[in-house]
Amino acid sequence: MLFPGGLMRVGGRHLRGSKVLPLLQRRLALAVGSSRFSRQVVVLLGVLAALLLLNLLFYLFGGISIEFVTDDPLPDLPSLWRGDAQPPPRGRQCAAWLAEVDPTGAGSEQRDWQRQPVVVAAGESRRVGGCAVGCLFTRSPPDHDACDAAVVAPPADAAAAAGGDEASSAAGGAGGAEAGGLGGQAMPGVAAEVGAACAYQVVWQRSAREAVVMPNASRVVAMTSSLSSDVPLGQPSWRDHAFMDPPTPKHASPPIVAILSHPCSSLQLKLDFIAEVSRQGVPVHPLGSCLPASDAHHATPLAAQQRLCGHRFALLFEELAPLHAMSPHFWAALACGTVPIVVAKGSIAMFAPADNAFLQVGRGDEVRQVVEWVGYLLRSQRAYSEMTRWKADVPSDAFLALLDLPIVSPHCRLCLHLATKSARASHLVAWDESSTRKVCRCWDEATNTTLYHLYVRERGTFPFLSFFLNASELTMAHLMRAIYRLYHGLAYRPLWHGHRPDALSAGGATQVRVFRVYPLESSQEMVLHGSGAFRRDRQLQDYIEATPCPRLEVILV
Numbered sequence: 168m169l170f171p172g173g174l175m176r177v178g179g180r181h182l183r184g185s186k187v188l189p190l191l192q193r194r195l196a197l198a199v200g201s202s203r204f205s206r207q208v209v210v211l212l213g214v215l216a217a218l219l220l221l222n223l224l225f226y227l228f229g230g231i232s233i234e235f236v237t238d239d240p241l242p243d244l245p246s247l248w249r250g251d252a253q254p255p256p257r258g259r260q261c262a263a264w265l266a267e268v269d270p271t272g273a274g275s276e277q278r279d280w281q282r283q284p285v286v287v288a289a290g291e292s293r294r295v296g297g298c299a300v301g302c303l304f305t306r307s308p309p310d311h312d313a314c315d316a317a318v319v320a321p322p323a324d325a326a327a328a329a330g331g332d333e334a335s336s337a338a339g340g341a342g343g344a345e346a347g348g349l350g351g352q353a354m355p356g357v358a359a360e361v362g363a364a365c366a367y368q369v370v371w372q373r374s375a376r377e378a379v380v381m382p383n384a385s386r387v388v389a390m391t392s393s394l395s396s397d398v399p400l401g402q403p404s405w406r407d408h409a410f411m412d413p414p415t416p417k418h419a420s421p422p423i424v425a426i427l428s429h430p431c432s433s434l435q436l437k438l439d440f441i442a443e444v445s446r447q448g449v450p451v452h453p454l455g456s457c458l459p460a461s462d463a464h465h466a467t468p469l470a471a472q473q474r475l476c477g478h479r480f481a482l483l484f485e486e487l488a489p490l491h492a493m494s495p496h497f498w499a500a501l502a503c504g505t506v507p508i509v510v511a512k513g514s515i516a517m518f519a520p521a522d523n524a525f526l527q528v529g530r531g532d533e534v535r536q537v538v539e540w541v542g543y544l545l546r547s548q549r550a551y552s553e554m555t556r557w558k559a560d561v562p563s564d565a566f567l568a569l570l571d572l573p574i575v576s577p578h579c580r581l582c583l584h585l586a587t588k589s590a591r592a593s594h595l596v597a598w599d600e601s602s603t604r605k606v607c608r609c610w611d612e613a614t615n616t617t618l619y620h621l622y623v624r625e626r627g628t629f630p631f632l633s634f635f636l637n638a639s640e641l642t643m644a645h646l647m648r649a650i651y652r653l654y655h656g657l658a659y660r661p662l663w664h665g666h667r668p669d670a671l672s673a674g675g676a677t678q679v680r681v682f683r684v685y686p687l688e689s690s691q692e693m694v695l696h697g698s699g700a701f702r703r704d705r706q707l708q709d710y711i712e713a714t715p716c717p718r719l720e721v722i723l724v
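Structural data, given as structure tokens:
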């Protein structure tokens, strides 16, 4: 077999396969055409040429290795799995054989997660119901059963920031302990000596404004209001906001209400911005707890949220850059059909139900844009109504996925996160102790292709479902289709079933779509709005080739 243009190393020399035979043929022709050689010499040269050809063939197909120099070498594969695709035993099908030889497949869990729940040492005692794994929070972990994690208090300055953050007291998607947050109260920690024997340390912090730095970060689980944390808190939920209700009547004057609430940093700059908007012809009504208590416009966070619903626009100042979370007023404005005008450095499109559901400007120098936009929308009721049209239609899939996240309580999501880490560690042990290396793909002789073994689970659940893809199906389209068929064939009801508003349920019909597929334990920020989810065929192929029996999560919308 020749490889035209391929670079071959034969006996220490690099030769191109397409040049070897022509070279021998030219030399043989010269020898035959010369009158100085006798017929015997010609025969001898022919024999020598034949021997050279046989020698070349021996190098090509014999025991001598041939090195092909490429610019795109294959990645190193984990040592715990068998990367080469081998055929199944005689009489066996690839899929059944792969499922049988996997020591970490269905039914292989060494821990019964209901009888041996995840134990978290915390300043509260409660057993979380309705969770895919047993989930127990206790002040005093039993001596005979080391706890899986201990809740520790964040540093004093971070705790102070959390206490001053309005998100900790407003209904920003965390109506209760079983919703997006923890009832507005900080999860109490335990003494260091109590949690010393626990596998992980959990840092609970309602604010995403201060970074929490803890020693031994590999054993730290972060719970903050940021989507980038391990267990996000305080996200908006269907339970706390009537997002799909029609817009409330807008009779309050002036048309813009500006919310000035904690944190009160850069207050003078915000007041200057409001004054400049008013000076250019659009009156603004300031409101919020950052104003002096004697000011007539002072209001509690909850009162501010209620009052902004009567105005057509809400001017909001978001402090985070980059943005990892939005203030409760943003969600309240969307729920009642008030158009948010957000002053922020980072893009807020990731949090919006539609591309045209909000207005956003940077700092100070864009006041004229605000005035022009508001003036146009006040003159055109049709253009203004388009900005709340998503309420009558369907919000974006990313918005649905964001609102579905708090359906599983943060207590339960913490237990799921810890159980997943524990199971992954036990899987590594099972692979290492098995008699053979982990077999994750198989050569299917019936189809002459490689079959790959994969697992998937819905976000917020724990057990995995097994499925297979062949080598020609390692594309995003085939992956999404295979997962859809898997769940559709089981008549599966996603977690959001029964939790979304009736306006989205189409009379009770459940229409499931595969929105995002991503590697296990990816952050929700990267999954929903970054590169954490699979988006390109090559990205998917590289991951499956390098990861033994990959375990994936899917968001169904």
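Each position in the sequence shown, counted from 1, maps to that position plus 167 in my numbering.
Every residue, glycine too, gets a C-beta built ideally from N, C-alpha and C.
Alpha-carbon spacing of residue i relative to residue j, whole angstroms
i	j	result
L646	T714	16 angstroms
V534	D439	10 angstroms
L454	L434	12 angstroms
G401	A658	31 angstroms
V446	V506	With the sequence shown as reference, residue 446 is identified as Arg, and Val is not the correct amino acid for it. Between R446 and V506, the C-alpha separation is close to 21 angstroms.
P459	A470	16 angstroms
L567	R257	48 angstroms
Q706	E625	21 angstroms
D730	V679	The first residue shown for the chain is 168 and the last is 724, placing residue 730 beyond what the model contains.
Y685	H491	20 angstroms
L632	Y367	27 angstroms
L727	E712	The displayed coordinates of the chain run from 168 to 724. Any statement about residue 727 would go beyond what the structure contains.
P430	F497	15 angstroms
F484	S593	47 angstroms
A638	S563	32 angstroms
R718	L501	36 angstroms
Q372	Q260	51 angstroms
S420	V285	53 angstroms
V561	A670	9 angstroms
I441	G529	14 angstroms
Beta-carbon proximity of residue i to residue j, cut-off 9 angstroms
i	j	result
A481	I426	yes
C579	C365	no
T614	D704	no
W663	V724	yes
G477	T555	no
V509	V449	no
L695	A565	yes
E161	K588	Residue 161 cannot be examined here, being either before or after the span of the chain that is shown, 168 to 724.
D269	V681	no
R479	Y551	yes
W280	V300	yes
A499	H408	yes
A288	T305	yes
V575	C298	yes
P399	P577	yes
First and last residue of the uninterrupted alpha helix (DSSP H) at residue i
i	result
R480	For the sequence presented, residue 480 should be read as Phe rather than Arg. Element bounds for F480: not the alpha helix (DSSP H) but the beta strand (DSSP E), 480 to 484.
Q435	434 to 446
P495	495 to 503
H655	643 to 656
V357	Looking at the DSSP string, V357 is not in any alpha helix (DSSP H), and its letter there is neither H nor E.
L662	Unbroken run through L662: none, as it is neither H nor E.
V370	Premise fails: V370 lies in the beta strand (DSSP E), 367 to 371, not in any alpha helix (DSSP H).
A263	261 to 268
Segment limits, beta strand (DSSP E) that includes residue i
i	result
A613	Element bounds for A613: n/a, residue is neither H nor E.
V387	387 to 390
Q548	Q548 -> not in any beta strand (DSSP E); alpha helix (DSSP H) instead, spanning 548 to 553.
Q423	According to the sequence shown, residue 423 is Ile rather than Gln. Counting along the chain, the beta strand (DSSP E) containing I423 begins and ends at 423 to 426.
V528	526 to 528
L400	No beta strand (DSSP E) contains L400, which DSSP labels as neither H nor E.
V509	506 to 510
S633	632 to 637
L454	451 to 454
A316	316 to 319
Cβ of residue i within 9 angstroms of any chain D Cβ
i	result
L581	Of the chains in the structure shown, none is chain D; there is only one protein chain.
The ligand GDP heavy atom lying under 8 angstroms from the CB of residue i
i	result
Q527	This structure simply doesn't include the ligand GDP, nor any ligand for that matter.
3 or more residues per run - each beta strand (DSSP E) lying fully within the stretch 675 to 724: Counting whole runs of 3 or more residues, the stretch 675 to 724 contains the beta strand (DSSP E) stretches 681 to 686, 718 to 723.
Stretch pair the stretch 612 to 625 + the stretch 248 to 267: three plus CB contacts closer than 8 angstroms: Counting C-beta pairs closer than 8 angstroms gives three or more between the stretch 612 to 625 and the stretch 248 to 267, which meets the contact rule.
Contact the stretch 647 to 654 vs the stretch 388 to 403: 3+ CB pairs below 8 angstroms: No contact exists between the stretch 647 to 654 and the stretch 388 to 403.
Sequence ranges, beta strand (DSSP E) only - wholly within the stretch 271 to 305, length at least 3: Complete beta strand (DSSP E) runs here, min 3: 285 to 288, 302 to 305.
Segment contact, 8 angstroms Cβ cut-off, at least three pairs: the stretch 622 to 636 with the stretch 576 to 592: A contact exists between the stretch 622 to 636 and the stretch 576 to 592.
Segments of 4+ residues assigned as alpha helix (DSSP H) that fall wholly inside the stretch 560 to 600: At a cut-off of 4 residues, the continuous stretches assigned as alpha helix (DSSP H) that sit fully inside the stretch 560 to 600 are 564 to 571, 577 to 600.
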